[in-house]
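Have a look at the structure below, then the notes.
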Amino acid sequence: MIEILTPVEMDRARATGALVARILQTMKSRAVVGTNLLEIDRWAREMILEAGAVSCYVDYAPSFGDGPFGHYICTSVNDAVLHGRPRDQVLRDGDLVTLDLAVSLDGVVADSAISFLVGDARPASSVAMIAATERALAAAIDVAGPGARIGDLSHAIGSVLTEAGYPINMEFGGHGVGSTMHQDPHIANAGRPGRGYRLRPGLLLAIEPWVMADTDELVTDADGWTLRSATGCRTAHSEHTIAITETGAEILTRIPTS
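In case it helps, the working numbering puts the sequence shown at residues 1 to 258.
Written out as structure tokens, the structure is:
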């Protein structure tokens, strides 16, 4: 299913995107050395419910997961990259954390993810990997607009990640959003320009470059959800929900700079 939002629905999408950005910014500020992943999940729950929003994760039970996810935010640490199920784990200095959040507010969904380092340690390889996913995300947004094709976005992402030297996994990627979290079109993290669905004003897309330092192979944790690098290497993931407008693309989940 591909949804094209009306102007009224687009205003709702902006509000949802702002909420997602605000929650992620708050969770990042609270994620310090000694913070437990279950605390992050609890804080996210409180902010979602206080805003009158609905979690897209609690009852989420796709074919690739083991039953309902049962939590409010994805918390992936170091070698975990996608669908990190919050657990009793305390953050340490230098941990690379990815927080991924999707909520629905007034019937419209927004989805975003950020990766960052905890504490004072700043391993250069981790800083570079996070930056590569952020550049790939920006490159895809730069080419998004009415008339562009999905392959143009995929090609932009893949070009940045490949140039940075990272293998690319094609199992999971970006997607459409709207009244539900996962919709068509699928946005692979590599592809050929000029191919695929042509973008139209009113379309919402969640674009999400993610990489693992030295492999393109995933393994699933015993929790049935958390996806990790097969080699135990570190990972990073950046994601924004954007709206295709008459003149280009609008980032709905941008974290305020002030």
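For every residue, glycine included, the Cβ atom is placed at its ideal position computed from N, Cα and C. Predicted model only: the values in this text are computed from it and were never measured.
May I have the straight-line CA-CA distance separating residue 268 from residue 174, to the nearest angstrom?
Given a span of 1 to 258 for the chain in the structure shown, any question on residue 268 remains unanswerable.
What are the boundary residues of the beta strand (DSSP E) that residue 299 is part of?
Residue 299 is absent from the model: the chain starts at 1 and stops at 258.
Have a look at residue 8 and residue 23 and give me their C-alpha separation to the nearest angstrom.
Taking the sequence shown and counting its residues from 1, one reaches residue 8 at position 8. Taking the sequence shown and counting its residues from 1, one reaches residue 23 at position 23. So the alpha carbons of these two residues sit roughly 23 angstroms apart.
Do the segment 126-140 and the segment 207-219 meet, that is, are 3 or more Cβ pairs less than 8 angstroms apart?
Result yes; three or more Cβ-Cβ pairs closer than 8 angstroms.
Give the DSSP bridge partners of residue 111, in chain order.
On the sequence shown, position 111 is the one that residue 111 refers to. Its beta-bridge partners are 102.
Just curious, the beta strand (DSSP E) that residue 185 is in, first and last residue?
Within the sequence shown, the letter at position 185 stands for residue 185. 183-187 is the span of the beta strand (DSSP E), which, as asked, contains residue 185.
Which ranges does the beta strand (DSSP E) cover as unbroken runs of at least 3 residues, wholly within the segment 53-96, from first to last along the chain?
Correct list: 74-77, 80-82.
With DSSP run on the structure shown, which of helix, strand or coil describes residue 244?
Here residue 244 corresponds to residue number 244 of the sequence shown, with the count starting at 1. Looking at residue 244 - three-state DSSP - the assignment turns out to be strand.
When you measure from the CB of residue 46 to every non-hydrogen atom of the ligand SAM, does any distance come out below 6 angstroms?
For the ligand SAM, the structure offers nothing, since it holds no ligand at all.
Can you find a C-beta in chain B that's less than 7 angstroms from the C-beta of residue 243?
The structure shown contains no chain B; it is built from a single protein chain.
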